[in-house]
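All remarks here apply to the structure that follows.
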Amino acid sequence: MDDSPSPKRSASRFEPRIAGMLCYVLGFITGLLLLTIEKDNRFVKFHALQSIFASAAVIVTQLLLGGIPIIGWLFGLLLAPAALILWLACMLLALQGRWFKLPVIGDLAERHAQRF
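Counting with the numbering used here, you get residues 36 to 151 for the letters of the sequence shown.
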């Protein structure tokens, strides 16, 4: 996969790197918004889908861990800062124009970005 975003502007009227970064700002909310707006730019669609899938994975994991007394809660406490670091890294890498793929989720996002 080419490491640079498509040079054309996205349908959101932002430069693709900025739109890619914005996909992560509010997690699945901005991911869904930019996925709905974006028609042509695969870079933006990829990051929107990756944001949606990553947010969903973190939310589901947090809910599952919350149901397990003590050990689940402790792992849940570790998940929060890890999710924050992941969120910041994804925003920074998208802003740099990189197609950084998260394990499993990135491949899924890439496959679906080609379909939309």
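By construction, the Cβ of each residue, glycine as well, lies at the ideal position given by its N, Cα and C atoms.
Since the model is a prediction, treat every value here as computed from it, not as a measurement.
Cβ-based neighbour list, residue i, same chain, cut-off 7 Å, excluding 5 preceding and 5 following
i, result
"A148", "R77, K80, F81 and L84"
"W122", "Y59"
"F63", "S86, I87, S90 and A91"
"L137", "Q85 and A89"
Neighbourhood of residue i by C-beta distance below 6 Å, restricted to the same chain and skipping five residues each side
i, result
"V93", "A118"
"L127", "none"
Own chain, CB closer than 8 Å to residue i, minus 5 neighbours either side, in chain order
i, result
"I120", "none"
Local Cβ density within 10 Å of residue i, reported as buried at 16 or more and exposed below that
i, result
"P51", "buried"
"L61", "exposed"
"C66", "The question names Cys, but residue 66 is Gly in the sequence shown. Answer is buried; the Cβ neighbour count reaches 16."
"E129", "According to the sequence displayed, residue 129 carries Ala and not Glu. The residue in question, A129, is buried, as its Cβ has 16 or more Cβ neighbours within 10 Å."
"A124", "exposed"
"L99", "exposed"
"L70", "buried"
"A115", "exposed"
"I103", "exposed"
"I87", "buried"
task = Determine, using beta-carbon pairs with one atom in the region 51-66 and one in the region 120-135, whether at least three such pairs fall under 8 Å.
result = As far as the Cβ criterion goes, the region 51-66 touches the region 120-135, which means the pair count is three or higher.
Beta strand (DSSP E) runs contained entirely in the region 105-142, provided each spans 3 or more residues = Fully enclosed beta strand (DSSP E) runs of 3 or longer: not present.
query = Should the region 100-109 be regarded as contacting the region 136-147, the criterion being three or more beta carbon pairs within less than 8 Å?
reply = Cβ pair count under 8 Å is below three, so no.
key: Every unbroken beta strand (DSSP E) inside the region 57-111 [3 residues or more]   = Within the region 57-111, no run of beta strand (DSSP E) at least 3 residues long lies entirely inside it.
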